[in-house]
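Just so you know, the sequences run in chain order A and B.
Counting in the UniProt record's numbering, the first sequence runs from 1 upward without gaps.
Counting in the UniProt record's numbering, the second sequence runs from 1 upward without gaps.
By construction, the Cβ of each residue, glycine as well, lies at the ideal position given by its N, Cα and C atoms.
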Amino acid sequence: MSDADASEDAAPTDREYAEWLDALADGGGFALVCPDGHGSLPPRRVCPECGSADLSRGALDETGVVETYSVVHVPSPRFADDAPYATAVVDFGPTRLTGVYREGGDAAPDPAVGDRVTVDVGERATDGERLVVFRPADGETGSGIER
Amino acid sequence: MTDVRVAGVGLTRFGDHPERTGRDLFGEAALRAFEDAGVDSADVEELNYGNFMGALAEHQGHQAPLMAEAAGVRCPATRYESACASAGVAVREAVRTVAAGDADVVLAGGMERMTNLPTDEVTEGLAIAADDLFEVRAGVTFPGAYALMANAYFDAYGGSREDLAHVASKNHANAVPNEYAQYRTEVSVEEAMDAPPVAEPLHLYDACPITDGASALVLVSEEYAADHDLDASVAVTGTGQGTDRMALGDREHLARTPAADDAADAAYADAGIDADAVDVAEVHDCFTIAEVLALESLGLFETGEGIAAAREGTTTADGDLPVNLSGGLKAKGHPVGATGGSQIAELTRLLRGDHPNSEHVSDAEVGVAHNAGGTVASAVVHVLEVAE
Numbered sequence: 001m002s003d004a005d006a007s008e009d010a011a012p013t014d015r016e017y018a019e020w021l022d023a024l025a026d027g028g029g030f031a032l033v034c035p036d037g038h039g040s041l042p043p044r045r046v047c048p049e050c051g052s053a054d055l056s057r058g059a060l061d062e063t064g065v066v067e068t069y070s071v072v073h074v075p076s077p078r079f080a081d082d083a084p085y086a087t088a089v090v091d092f093g094p095t096r097l098t099g100v101y102r103e104g105g106d107a108a109p110d111p112a113v114g115d116r117v118t119v120d121v122g123e124r125a126t127d128g129e130r131l132v133v134f135r136p137a138d139g140e141t142g143s144g145i146e147r
Numbered sequence: 001m002t003d004v005r006v007a008g009v010g011l012t013r014f015g016d017h018p019e020r021t022g023r024d025l026f027g028e029a030a031l032r033a034f035e036d037a038g039v040d041s042a043d044v045e046e047l048n049y050g051n052f053m054g055a056l057a058e059h060q061g062h063q064a065p066l067m068a069e070a071a072g073v074r075c076p077a078t079r080y081e082s083a084c085a086s087a088g089v090a091v092r093e094a095v096r097t098v099a100a101g102d103a104d105v106v107l108a109g110g111m112e113r114m115t116n117l118p119t120d121e122v123t124e125g126l127a128i129a130a131d132d133l134f135e136v137r138a139g140v141t142f143p144g145a146y147a148l149m150a151n152a153y154f155d156a157y158g159g160s161r162e163d164l165a166h167v168a169s170k171n172h173a174n175a176v177p178n179e180y181a182q183y184r185t186e187v188s189v190e191e192a193m194d195a196p197p198v199a200e201p202l203h204l205y206d207a208c209p210i211t212d213g214a215s216a217l218v219l220v221s222e223e224y225a226a227d228h229d230l231d232a233s234v235a236v237t238g239t240g241q242g243t244d245r246m247a248l249g250d251r252e253h254l255a256r257t258p259a260a261d262d263a264a265d266a267a268y269a270d271a272g273i274d275a276d277a278v279d280v281a282e283v284h285d286c287f288t289i290a291e292v293l294a295l296e297s298l299g300l301f302e303t304g305e306g307i308a309a310a311r312e313g314t315t316t317a318d319g320d321l322p323v324n325l326s327g328g329l330k331a332k333g334h335p336v337g338a339t340g341g342s343q344i345a346e347l348t349r350l351l352r353g354d355h356p357n358s359e360h361v362s363d364a365e366v367g368v369a370h371n372a373g374g375t376v377a378s379a380v381v382h383v384l385e386v387a388e
């Protein structure tokens with residue numbers, strides 16, 4: 001194993017996911033988009049909606065809208081030190097993303113359907129593994145806390 | 001094509017079996033099914049066995065041959081895995097095999113051991129039924145995924161935690177007389193409301209328990225039943241299966257279950273009935289919201305109206321359409337790889353008249369069983385009818 005970045009260290013089955021996370025962390029989050037406009041996440045060889053093999057990268061929207069959320073109190077071991085935490089499913093244009101919703105400081109996570117959020121890559125408190133993190137877009141939630 | 005008859009059913013008690021192996025549990029269920037059927041185990045031509053997490057829970061893969069030994073059958077044996085719908089798909093393939101005339105006698109069912117793992121490891125084990133890359137790594141647990149669906153449902157159609165508490169209370173009440181049920185205790189709506197949160201808006205009594213148990217069915221052709229003078233009055237007249245995108249976020253709608261819509265449509269078409277004909281249902285209420293989604297996919301309630309069914313009394317034991325008279329996964333328990341077979345066993349007993357809750361459905365002719373995997377990326381529906 002090299003000491004290079006995560007995308008090279010990752011098991012082959014995870015490499016495209018790691019590269020996608022790298023892009024998300026660099027502000028270049030993308031979906032794979034077919035000519036009919038269906039968005040999906042890598043790794044893909046064909047569009048899961050229509051079977052088209054003509055996939056290209058399409059940028060995610062700058063901000064997304066929370067479609068649903070839950071505050072999880074009973075975690076799996078990998079999230080033991082993260083609980084309670086909020087998960088949310090957010091519409092980012094070509095596709096939806098699922099991730100952990102975090103507000104600034106020590107505020108308890110309190111998302112609502114319709115909230116507008118940004119997406120970034122953060123770390124699990126439990127073990128430092130990278131994960132998809134949503135944060136309130138400026139002025140769009142009650143917390144008003146900026147990061 | 002031949003009619004498929006349920007010749008016999010066998011269940012273990014659902015609950016804690018800390019000192020028993022999975023093979024012993026399935027063996028008990030299978031022997032009980034043979035006894036109920038009056039069928040010689042030597043006549044079994046195939047074993048279709050459901051199991052989800054045996055590799056994690058018992059460090060035991062390749063379970064089908066082991067379960068053939070436990071049941072005392074020597075025939076092709078296959079393990080089916082489709083998360084919590086593992087036994088449902090195992091039974092479905094058994095039904096298709098008998099209906100096609102490829103076998104006269106098939107043993108189908110499943111087993112799961114779960115209580116020997118600590119709760120956090122069971123949580124982890126169940127979570128792998130979700131998309132590892134884009135859901136599990138993002139913190140989605142099994143209750144958490146259904147909580148996402150519940151909040152999406154509330155946002156789209158209305159409803160509240162209290163509506164879900166009525167589902168929990170109803171199913172706990174139904175489990176009280178069921179000798180196979182894990183929790184034979186009533187839970188009031190108030191107790192359900194006051195329970196601690198698991199994944200909001202779902203609280204403790206919105207969730208099924210962690211359960212050990214096994215189920216087995218002896219399915220036979222109509223001709224075999226007649227030739228052997230079997231008392232096999234219940235027929236499986238319809239089977240259907242559906243598949244959806246694995247990750248909840250990739251679905252067309254976050255508060256509907258199209259895989260179950262497809263499974264129900266196919267099963268009803270196979271049986272030549274429509275939803276109006278259904279008298280009684282056993283549905284996959286791994287969480288209270290799941291029962292609501294199931295009722296709507298089965299066409300028993302309009303979209304957005306299933307949430308009120310338990311509160312209004314339509315689906316209670318004395319209602320027009322009793323649902324989960326067994327106690328459901330919610331109170332009877334949910335050994336995931338056994339559940340699909342257990343639902344059909346319970347429905348068969350209800351229709352035969354020898355279930356402790358049969359009095360509530362004494363005139364029932366048609367029952368439907370709904371078994372789901374993951375967040376209903378997989379769904380199996382069966383129609384059972386009183387044939388004679």
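Query	Result
CB contact check: B:Arg20 to chain A, cutoff 7 angstroms	no
Classification of B:Pro18 by the beta-carbon crowding that lies within 10 angstroms, buried from 16 upward	exposed
Exposure label - B:Gly327; buried when at least 16 CB within 10 Å	buried
Any chain B beta carbon closer than 7 angstroms to A:Gly93	no
Own chain residues within Cβ distance below 6 angstroms of B:Asp163, not counting five before or after	Ile307 and Arg311
Contact list for A:Arg96 against chain B, beta-carbon separation under 8 angstroms	Gly249 and Asp250
Helix, strand or coil at B:Leu329 according to DSSP, with G and I counted as helix	helix
Contact with chain A by B:Ala83, beta-carbon distance below 7 angstroms	no
In chain order, each beta strand (DSSP E) run of at least 3 residues that lies wholly inside the UniProt domain "ChsH2 C-terminal OB-fold" (60-120) of chain A	64-72, 85-91 and 96-101
Buried versus exposed, by CB contacts within 10 Å (16 or more), A:Cys50	exposed
Nearest-angstrom Cα separation, counted from A:Arg124 out to A:Ala59	25 angstroms
Closer than 7 angstroms to chain B by CB, A:Pro77	yes
Environment of B:Thr237 [buried if 16+ CB atoms lie within 10 Å]	buried
Distance between B:Ala317 and B:Leu107 (C-alpha atoms, nearest Å)	31 angstroms
Bounding residues of the alpha helix (DSSP H) (the contiguous stretch that carries B:Leu350)	Thr339 to Arg352
Chain B contacts from the segment 60-72 of chain A (Cβ-Cβ distance under 8 angstroms)	Glu67, Thr68, Tyr69, Ser70, Val71 and Val72
C-alpha distance - B:Leu11 paired with A:Gly39, whole-angstrom precision	45 angstroms
Close Cβ partners of A:Pro109 (< 7 angstroms) along its chain, the five nearest in sequence each way excluded	Val71, Tyr85, Ala86, Tyr101, Arg102 and Glu103
Closer than 7 angstroms to chain B by CB, A:Val132	yes
Cβ-based burial, B:Arg74 [other Cβ within 10 Å; buried from 16]	exposed
The segment 28-47 of chain B touching the segment 259-272 of chain B, judged by at least three CB pairs closer than 8 angstroms	no
Contact check, B:Arg23 vs B:Gln241, beta carbons under 7 angstroms	no
Collapsed DSSP secondary structure at A:Gly142 in the structure displayed	Because the pLDDT at A:Gly142 is just 44, under 50, the model does not fix this residue reliably, and the value given afterwards should be weighed accordingly. It is coil, neither helix nor strand.
Alpha carbon of B:Met246 to alpha carbon of B:Asp229, nearest angstrom	45 angstroms
Coarse secondary structure for B:Met111, derived from DSSP in three states	strand
Same chain, Cβ closer than 7 angstroms to A:Cys47, neighbours up to 5 away in sequence not counted	Cys34, His38, Ser40 and Leu55
Proximal residues of chain B, C-beta to C-beta of A:Ala80 below 9 angstroms	Asp120
Chain A residues whose Cβ lies nearer than 7 angstroms to that of B:Val198	His73 and Val74
Segment contact, 8 angstroms Cβ cut-off, at least three pairs: the segment 109-117 of chain B with the segment 328-337 of chain B	yes
CA nearest to the CA of B:Thr211, picked from B:Pro76, B:Cys84, B:Arg137 and B:Gly374	B:Cys84
Contacts of B:Arg137 in chain A (Cβ-Cβ under 7 angstroms)	Leu131
Sequence-distant residues of the same chain with beta carbon closer than 7 angstroms to B:Asp187, five excluded per side	First, the residue type needs correcting, since residue 187 of chain B is Val and not Asp in the sequence shown. Correct list, in chain order: Ala168, Ser169, His172 and Tyr205.
Beta-bridge partners of A:Gly39, as assigned by DSSP	A:Val33
One or two residues paired with B:Tyr49 in a DSSP bridge	B:Arg79 and B:Gly109
Whole-angstrom distance between B:Val366 and B:Val386, CA atom to CA atom	7 angstroms
Integer-rounded CB distance, given that B:Thr78 should sit under 8 angstroms from B:Arg51	Sequence inspection shows Asn at residue 51 of chain B; the Arg mentioned does not correspond to that position. No, B:Asn51 and B:Thr78 are not in contact; Cβ-Cβ is about 11 angstroms, not under 8 angstroms.
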